[in-house]
Amino acid sequence: MQSIELELLFTIQGQLGEALDLGNTPEGNRIIFPVIGGSFKGPKIEGEIVPGTCADWGRMRSDGSLSIDVRLSLRTVEGDLIFMSYLGRAGADHPEGLAAAFDFAKPDPSENSDTYYFRILPLFETSSDKYAWLNKIVAVGSGMTGAGGVIYTVYTVK
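All residue numbers for the sequence shown refer to my numbering, where the first residue is 1254 and numbers rise by one.
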């Protein structure tokens, strides 16, 4: 059986706008977090988050965790467009960790980042010849919150 290895794809930082709390729907407490900008950079790719095209359609679950459901439009430094979508989970087993996980305003994102769980499973779509390899990969990421948004380190699963 092949072992699974990870290779750094990029670090991405997204700035969040004001959250829209839809309240308790039949699917849980739906909260929309608009992503108003940001950037990404890795060994083979870098660029920006295209403002006005992105959001997290999050859902607070009955167990206190957040179900993450994000769609982003990325533009590379060469001008290529990439659609990034990901699902994930965020949460903690104790109140201090939960407060840290949802404190987007703290100035240092690494502060208390070991007290909560924040993981994502990104997929990509692009028509770019240069970045067509993204269409064929599976990725995983680990996140933290603060400095007005979220920061993920994203890896390609080899």
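Glycine included, each C-beta is placed from N, C-alpha and C at the ideal position.
Every value quoted in this text rests on a predicted model; they were computed, and no experiment measured them.
Residue burial classification, residue 1277 (beta-carbon count within 10 angstroms, cutoff 16): Residue environment analysis places residue 1277 among the exposed positions, since fewer than 16 neighbouring C-beta atoms fall within 10 angstroms of its C-beta.
Expected contact under 8 Å - CB spacing of residue 1279 and residue 1290 to nearest Å: So it is not a contact: roughly 32 Å between Cβ atoms.
Alpha helix (DSSP H) runs wholly inside the stretch 1299–1372, at least 4 long, in chain order: Qualifying alpha helix (DSSP H) stretches, in chain order: 1348–1354.
Segment contact, 8 Å Cβ cut-off, at least three pairs: the stretch 1361–1372 with the stretch 1281–1300: The stretch 1361–1372, when compared against the stretch 1281–1300, does not touch it at the 8 Å Cβ threshold.
DSSP bridge partner residues for residue 1256 (one or two, in chain order): Residue pairing by DSSP leaves residue 1256 without any beta bridge partner.
Spatial neighbours of residue 1402 in its chain, beta-carbon cut-off 7 Å, leaving aside the 5 residues before and after: The answer, listed in chain order, is 1266, 1267, 1268, 1269, 1291, 1357.
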